[in-house]
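Accompanying notes for the structure given below.
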Amino acid sequence: MTIPQTARTLARSLTVLGSTGSVGLSTLDIVRHSRATYGEDALPLQALTAHSNVAALAQQAREFHPRLAVIGDESKFQALKEALAGTGVEVAAGRDAVIEAASRPSDIVMLAIVGTAGLAPALAAVKRGAVIALANKECIVAAGDFFRAAAAQANATIIPVDSEHNAAFQVLDPGQAHAIERLTLTASGGPFREWARERMASATPEQAISHPNWSMGAKISVDSATLMNKGLELIEAHFLFSLPPEKLGVLVHPQSVVHCLVSYIDGSTLAHLSAPDMRTPIAHAIGWPQRISSPSRRLDLAALQKLTFENADAQRFPCLGLATECLRAGGHAPTILNAANEVAVQAFLGRRIGFLDIPRVVEETLATDRNASNGETSDLDAVLAVDGRARSVAKDICRTMAA
Ligand code: NAD
Ligand code: MG
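Each position in the sequence shown, counted from 1, maps to that position plus 1267 in the working numbering.
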């Protein structure tokens, strides 16, 4: 008897790292939908991990029955243990336990932790040759060469979840890589697309995280408001698809319907369209190479009537230019850019610096740490050292600005 492909696809086990975040919740919505659509055995869960929200993690574990639930914050072990008493779910806590969760055998690992904190768990999953559904972009920006080499060595499969990269993965013909003229990522433009710089100077965290089209975690929402998100995504695309900087571009597309365009030497441009709903790229990454059902919003182009495109304004959004320079410079520049940006965004969210200080912190950190930009990136210790030093430089700069 032949097992239908879809049944085989849905029998694969899943680990969700960062299950309580925006991408984590959407991933579990796909699991919920798959079990309702295809049967309750669909997508058995190996592990769920979260950083500090015990109540949300415990509630997820009760609904989805993973073998293991891990809370990153060690001080919350007892609370999680009590919340899951009698459920049969194994409980663990701490940074190493999150890494251990990634190491446990599961077919697919959804990497939905935010920031460079996702790097060590990602590498643990990579090393055992898992399929990685990669939502976290910071780890590939910070350690691109190393991450790519580790994946190739362990025969791990990386399926991009970031909507633009998932779109590129779908329309890019790997057999014709030499014939790609340009890969264009679209950007919504964020909540400040039409704001003058003077107005941005007093933008609050609440204004920065209220994104017009996507509902996302705080860090990526601020990155979308500065356009650093698109800069990080250019670097992500460079590493994921082995394309040189000059073949990568950005277009502002406020409707967020076209996610990526790939143009070939014969004049053809292939685009991917979907409603702005992360459950579509998540379902694609989990189901790949099959297609599985998703409850995502559907496209209604007639209701939308028009799709518009414009160039990004580098004057008002200097983060995009900084990221492009780091992409071209290579070496450790993307690692420094990413670390400084993580620090600056935290400082902004904590109201210690202003919105326009974010690019200043990044620029000053890059200037202070310029010599570090030339090193090799294929050595993890070197990457972590550069990341740590850039963070400490950026924190000093934030302190000076706040004073
Ligand atoms: P989020 O802040 O909503 O969630 C982050 C998750 O990571 C939470 O579960 C949190 O508990 C966990 N976490 C945070 N710090 C941790 C740590 N130190 N150790 C272990 N776990 C930790 O973030 P998000 O919006 O879901 O984004 C997650 C990643 O996906 C980011 O890298 C983001 O750039 C990328 N991404 C998100 C979206 C989106 O729509 N939200 C789209 C594309 C890409
Ligand atoms: Mg994206």
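Even glycine gets a Cβ: it sits at the ideal position worked out from N, Cα and C.
- Look at residue 1619 here: in three-state DSSP terms it is coil, with no helix or strand label.
- With a threshold of 7 Å, the Cβ atom of residue 1500 counts as near ligand 2, since some heavy atom of the ligand is closer than that.
- Shown here, residue 1445 sits in a helix according to DSSP, grouped into three states.
- Within 7 Å of the C-beta of residue 1429 there is at least one heavy atom belonging to ligand 1.
- Of the residues assessed, residue 1440 falls on the exposed side of the cut-off, its CB having fewer than 16 other CB atoms within 10 angstroms.
- Residue 1530 carries a strand assignment under DSSP once its states are collapsed to helix, strand and coil.
- Residue 1367 and residue 1341 have their C-alpha atoms some 14 Å from each other.
- Annotation for residue 1425: no alpha helix (DSSP H) segment contains it, though the beta strand (DSSP E) segment containing it runs 1424 to 1427.
- Of the candidates 1600, 1546 and 1524, 1524 places its Cα closest to the Cα of residue 1572.
- At least one heavy atom of ligand 1 falls within 7 Å of the beta-carbon of residue 1365.
- At a threshold of 7 Å, residue 1377 does not count as near ligand 1, since its beta carbon sits no closer than that to any of the ligand's heavy atoms.
- At a cut-off of 7 Å, the beta-carbon of residue 1405 counts as near ligand 1: some heavy atom of the ligand is closer than that.
- The beta-carbon distance between residue 1429 and residue 1404, rounded to whole angstroms, is 6 Å. This is short enough to meet the 8 Å contact definition.
- Distance from the CA atom of residue 1274 to the CA atom of residue 1406, rounded to whole angstroms, is 32 Å.
- Less than 8 Å separates the beta-carbon of residue 1356 from that of residue 1336.
- In this structure, residue 1392 lies near residue 1376, with their beta-carbon atoms less than 8 Å apart.
- The beta-bridge partner set that DSSP reports for residue 1359 consists of 1337.
- Residue pairing of residue 1317 in beta bridges, as defined by DSSP: 1338.
- Closest in C-alpha terms to residue 1497, from the list 1547, 1545, 1461 and 1408, comes 1408.
- Taken in chain order, the whole beta strand (DSSP E) runs of length 3 or more contained in the region 1472 to 1553 are 1515 to 1519, 1525 to 1531 and 1536 to 1540.
- Among the bridge pairs identified by DSSP, residue 1453 is matched with 1518.
- Taking 8 Å as the upper bound for CB-CB distance, residue 1508 and residue 1596 are not in contact here, some 19 Å apart.
- Counting only runs of at least 4 residues, the region 1558 to 1605 fully encloses the following alpha helix (DSSP H) elements, listed from N- to C-terminal order: 1568 to 1571 and 1585 to 1596.
- Cα atoms of residue 1560 and residue 1621: separation of roughly 43 Å, rounded to the nearest angstrom.
- If you draw a 10 Å sphere on the C-beta of residue 1490, you find 16 or more other C-beta atoms in it, and that means buried.
- Per DSSP, reduced to three states, the secondary structure at residue 1283 is strand.
- Secondary structure note for residue 1351: it is in no beta strand (DSSP E), with a DSSP letter that is neither H nor E.
- Just so you know, the alpha carbons of residue 1311 and residue 1394 end up roughly 22 Å apart.
- For residue 1439, no alpha helix (DSSP H) run applies, since DSSP gives it neither H nor E.
- With fewer than 16 neighbouring CB atoms inside 10 Å of its own CB, residue 1326 falls in the exposed class.
- A straight-line Cα-Cα distance of about 21 Å links residue 1576 and residue 1512.
- The beta-bridge partner set that DSSP reports for residue 1400 consists of 1377 and 1426.
- The residues 1310, 1311, 1312, 1313, 1372, 1373, 1374 and 1375, in chain order, have a CB closer than 8 Å to that of residue 1280 in the same chain once the five nearest residues on each side in sequence are set aside.
- Taking 8 Å as the cut-off, the Cβ atoms of residue 1604 and residue 1589 count as close.
- Contact between the region 1476 to 1495 and the region 1452 to 1461 is present: three or more C-beta pairs spanning the two stretches fall below 8 Å.
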